[in-house]
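Residue numbers (my numbering): 4 to 598.
Pasting the structure below:
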């Protein structure tokens, strides 16, 4: 049994990785492939039986995994970011979310025959989208910036808020089922809120005063989350999920507490937990489904897609600057994700154990909605955006990895040439200076899971890796090859070819074309800027062509970029020499006058 359990868990880890990798390759939400893998392993073939495999450990494992997922999601809700999200997003995550909850509950009650308490719980779970499903879809959808920002911020904000709605409704159902009074229900809510708040304050106090060494900070938070969950449950039954949700929101909004490294660790851990959890949960589906449940699930999905979402978007966007075309696309795109799947399965386990009627229908309805929205919207959203004429044209923008003097100078030149430029780095001083220079920035590693959720790549189609860390430059190039294409990823050398010894060099498969010329390095570029060289942009004509430019500024001039008359950016590289033509705008590094 030990060998069988170990082999099965190892196999699930590998299958989870393959599902995540496949999702990355085809740019679809990973949840789709994880659920399909679980269905194949469980009800389709009978290879995996989670109840038999884990026995009494199933519920505690699922509970702790969901607690960590909810904590990680709520950790990303920053109140200071809500000021600039716009009227449409505020509507979607407030009265729009409540309207969606009630309408979805009504549909589940009428169509699927769920009791009102279970229908309200379904509505709370089904109104949540989430960044893990929105981000991959936006990469293939490529809508205009207003649509992309609305959908992205809706997912970020409603993810923890929807979980909080669901937890509160679940607490009410359990209290009513177990004969608890209103006072006990309120006590349950207060206990979860207090335990979560105290846990956040304790961790925040220790982190703020550097009382935990950096290498133990992730461990400390990881140990505190299940402890807060378990202690809260022990004090007041079923209050643990609320405790970890409140803990994440409180910790994420504390001042002077640096959470980025912890968030990166939590996101990596969540990827593993989600992979295992969704395979397990999908494998528990019973086939055939209860009588009429498949048809009811499809009907609920169709009504949610064609009626509920458009109505809530129309209501939420009243008075906003969105036009009807943009509202139409936003009303079509609302894939459901991690919170809906994980929390519904956990609640179904608990409610089924309590004998609540209709609990067995919760998971099939939610999973049908998830699969339906992801598949349909992934296949149709891009053609619909093109038909509505709200799709972003061919991405012309540039993502620059780095924020020092060199990166800022190149970014400013590209911005002046009319391109969208985003500087990404985890060097706060450089990012702060770039913001003061008027450049768009992202604070963090652009190849991290955090960047996948929060880095706005709308209109961006190239990477220039020019940080001072050559290893991370190479990793960023590998990461964005799939995103932008192999021919749209470049790096600024940190070492000359002569300095790149066999020990220091990377394999050819990791390398991207070096920027500008064979001997240009980050250090050399910075020295040239410091000695008076400057980045010069000039439009060439038939009377002042590229040879005339070289004649005026000298043969040492370094050609960096060329912009064609149609606005197409050409990048100079040792692998691809440019021949600027009349009508182009050239961006070059020229020596100081008199040199």
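Beta carbons: idealized from backbone N, C-alpha and C, even for Gly.
Query raised in the report: Is the number of C-beta pairs between the segment 363 to 381 and the segment 421 to 439 that are closer than 8 Å three or more?
Result: Judged by Cβ distances under 8 Å, the segment 363 to 381 makes no contact with the segment 421 to 439, as fewer than three pairs qualify.
Query - Host alpha helix (DSSP H) of residue 539 (start-end) - result: Translated into the one-based positions of the chain shown, residue 539 becomes position 536. Where residue 539 is concerned, there is no enclosing alpha helix (DSSP H), although the beta strand (DSSP E) it sits in stretches over 537 to 542.
Query raised in the report: Exposed or buried, residue 9, counting other C-beta atoms within 10 Å across all chains shown (16 or more means buried)?
Result: By one-based count along the chain shown, residue 9 stands at place 6. Counting Cβ neighbours within 10 Å, residue 9 comes out exposed, since fewer than 16 surround it.
Query raised in the report: How big is the Cα-Cα spacing for residue 3 and residue 585?
Result: The requested residue 3 is not part of the displayed model; the chain covers only 4 to 598.
**Report entry** Length of the line joining the Cα atoms of residue 110 and residue 260
**Finding:** Counting from one through the chain shown, the residue named residue 110 turns up at place 107. Counting from one through the chain shown, the residue named residue 260 turns up at place 257. In a straight line, the C-alpha of residue 110 is about 43 Å away from that of residue 260.
Query - CB-CB length for residue 538 against residue 515, believed under 8 Å - result: Position 535 of the chain shown, counted from the first residue, corresponds to residue 538. Position 512 of the chain shown, counted from the first residue, corresponds to residue 515. The distance from the Cβ of residue 538 to that of residue 515 is about 22 Å, inconsistent with a contact at the 8 Å cut-off.
Query raised in the report: DSSP state of residue 21, grouped into three classes?
Result: Here residue 21 corresponds to residue number 18 of the chain shown, with the count starting at 1. Note: residue 21 maps to helix in three-state DSSP.
Report task. Look at the Cβ atom of residue 207, then the Cβ atom of residue 77, and state whether they are nearer than 8 Å. Result -> For the purposes of this step, residue 207 is taken as residue 204 along the chain shown, with counting starting at 1. For the purposes of this step, residue 77 is taken as residue 74 along the chain shown, with counting starting at 1. Taking 8 Å as the Cβ cut-off, residue 207 and residue 77 do not qualify as a contacting pair.
Report task. Please name the residue, chosen from 476, 282 and 302, that lies closest to residue 341 on a Cα-to-Cα basis. Result -> Residue numbering aside, residue 341 sits at position 338 when the chain shown is read from its first letter. Among 476, 282 and 302, the Cα nearest to that of residue 341 is on 282.
Query raised in the report: Is residue 220 buried or exposed, if buried means 16 or more other CB atoms sit within 10 Å of its CB?
Result: Mapped onto the chain shown, residue 220 falls at position 217. Residue 220 comes out buried.
Requested in this report: Classify residue 591 as helix, strand or coil using the three-state DSSP reduction.
Outcome: On the chain shown, position 588 is the one that residue 591 refers to. In the displayed model, residue 591 falls within a strand according to three-state DSSP.
Report task. Rank 596, 437 and 388 by C-alpha distance to the C-alpha of residue 147 and give the top, closest one. Result -> In the chain shown, residue 147 corresponds to position 144, counting from 1. In this structure, 388 is the residue among 596, 437 and 388 with its C-alpha nearest to the C-alpha of residue 147.
Query raised in the report: Since residue 458 and residue 483 are thought to touch, with beta carbons under 8 Å apart, how far apart are those beta carbons, to the nearest angstrom?
Result: Taking the chain shown and counting its residues from 1, one reaches residue 458 at position 455. Taking the chain shown and counting its residues from 1, one reaches residue 483 at position 480. Wrong, their Cβ atoms sit about 11 Å apart, outside the cutoff.
Query raised in the report: What's the C-alpha gap between residue 319 and residue 103?
Result: As a position in the chain shown, residue 319 is number 316, starting the count at 1. As a position in the chain shown, residue 103 is number 100, starting the count at 1. Using only the alpha carbons, I get a separation of about 10 Å.
Query - Span of the beta strand (DSSP E) around residue 50 - result: Along the chain shown, one-based indexing puts residue 50 at 47. Neither: residue 50 is in no beta strand (DSSP E) and is coded neither H nor E.
Report task. Quick one: grab the DSSP three-state call for residue 118. Result -> As a working mapping, residue 118 is identified with position 115 in the chain shown. Here residue 118 sits in coil by DSSP.
Requested in this report: Work out the CA separation of residue 67 and residue 226 for me, nearest whole Å.
Outcome: As a first step, residue 226 is located in the chain shown; it is residue number 223 there, counting from the start. As a first step, residue 67 is located in the chain shown; it is residue number 64 there, counting from the start. Separation of residue 226 and residue 67 (C-alpha to C-alpha, rounded to the nearest whole angstrom) is 11 Å.
Query raised in the report: Alpha carbon to alpha carbon, how far is residue 237 from residue 195?
Result: Taking the first residue of the chain shown as position 1, residue 237 is located at position 234. Taking the first residue of the chain shown as position 1, residue 195 is located at position 192. Taking the straight line joining both Cα atoms gives about 11 Å.
Report task. Could you check if residue 287 is buried or exposed, using at least 16 other CB atoms within 10 Å of its CB as the buried criterion? Result -> By one-based count along the chain shown, residue 287 stands at place 284. Its Cβ being crowded by 16 or more others within 10 Å, residue 287 is buried.
Query - Test item: CB-CB of residue 145 and residue 30 under 8 Å - result: Here the question's residue 145 lines up with position 142 in the chain shown. Here the question's residue 30 lines up with position 27 in the chain shown. The answer is no: Cβ separation not under 8 Å.
Query - C-beta contact flag for residue 322 and residue 117 at 8 Å - result: Taking the chain shown and counting its residues from 1, the one referred to as residue 322 is at position 319. Taking the chain shown and counting its residues from 1, the one referred to as residue 117 is at position 114. For residue 322 and residue 117, no; Cβs fall outside 8 Å.
Query raised in the report: Straight-line CA distance for residue 174 to residue 158?
Result: In the chain shown, residue 174 corresponds to position 171, counting from 1. In the chain shown, residue 158 corresponds to position 155, counting from 1. Here the alpha carbons of residue 158 and residue 174 stand approximately 24 Å from one another.
Query - Nearest neighbour of residue 444, chosen from 450, 434 and 453 [CA to CA] - result: Here residue 444 refers to the residue found at position 441 of the chain shown. Comparing alpha carbon positions, the residue from 450, 434 and 453 closest to residue 444 is 434.
Report task. Locate the beta strand (DSSP E) running through residue 613, then write down its first and last residues. Result -> The displayed coordinates of the chain run from 4 to 598. Any statement about residue 613 would go beyond what the structure contains.
Query raised in the report: Would the segment 553 to 573 and the segment 447 to 457 be scored as touching if the rule is three or more Cβ pairs under 8 Å?
Result: With fewer than three CB-CB distances shorter than 8 Å, the segment 553 to 573 does not count as touching the segment 447 to 457.
Query raised in the report: Could you give the uninterrupted runs of the alpha helix (DSSP H) lying entirely in the segment 107 to 193, keeping only those of 4 residues or more?
Result: Here the runs fully enclosed are 119 to 129, 134 to 144 and 148 to 180.
Report task. Go ahead and pull the three-state DSSP assignment for residue 423. Result -> Taking the first residue of the chain shown as 1, we reach residue 423 at position 420. Taken through DSSP and simplified to helix, strand or coil, residue 423 comes out as coil.
Query raised in the report: Who does residue 383 pair with in a DSSP beta bridge?
Result: The count along the chain shown starts at 1 and reaches residue 383 at position 380. The partner list for residue 383 (beta bridge, DSSP) is empty, contrary to what the question assumes.
Query raised in the report: Roughly how many angstroms separate the alpha carbons of residue 46 and residue 200, rounded to a whole number?
Result: In the chain shown, residue 46 corresponds to position 43, counting from 1. In the chain shown, residue 200 corresponds to position 197, counting from 1. Their backbone Cα atoms lie some 41 Å apart in a straight line.
Query raised in the report: How far does the alpha helix (DSSP H) with residue 248 in it reach, from first residue to last?
Result: Locating residue 248 in the chain shown gives position 245, counting from the first residue. Note, residue 248: alpha helix (DSSP H), 243 to 255.
**Report entry** residue 489 to residue 198 span [Cα, whole Å]
**Finding:** Translated into the one-based positions of the chain shown, residue 489 becomes position 486. Translated into the one-based positions of the chain shown, residue 198 becomes position 195. So the two alpha carbons sit approximately 49 Å from each other.
Query raised in the report: How many Å lie between residue 234 and residue 209 at the Cα?
Result: Counting from 1 along the chain shown, the entry for residue 234 is found at position 231. Counting from 1 along the chain shown, the entry for residue 209 is found at position 206. Between residue 234 and residue 209, the alpha-carbon positions lie close to 20 Å from each other.
Requested in this report: Spatial neighbours of residue 495 within its chain, please: CB distance less than 6 Å, with the 5 preceding and 5 following residues excluded, ordered by chain position.
Outcome: In the chain shown, the residue the question calls residue 495 occupies position 492. The residues 469, 518 and 525, in chain order, have a CB closer than 6 Å to that of residue 495 in the same chain once the five nearest residues on each side in sequence are set aside.
Query raised in the report: In whole angstroms, what separates the C-alpha of residue 153 from that of residue 96?
Result: The residue labelled residue 153 in the question sits at position 150 within the chain shown. The residue labelled residue 96 in the question sits at position 93 within the chain shown. In a straight line, the C-alpha of residue 153 is about 11 Å away from that of residue 96.
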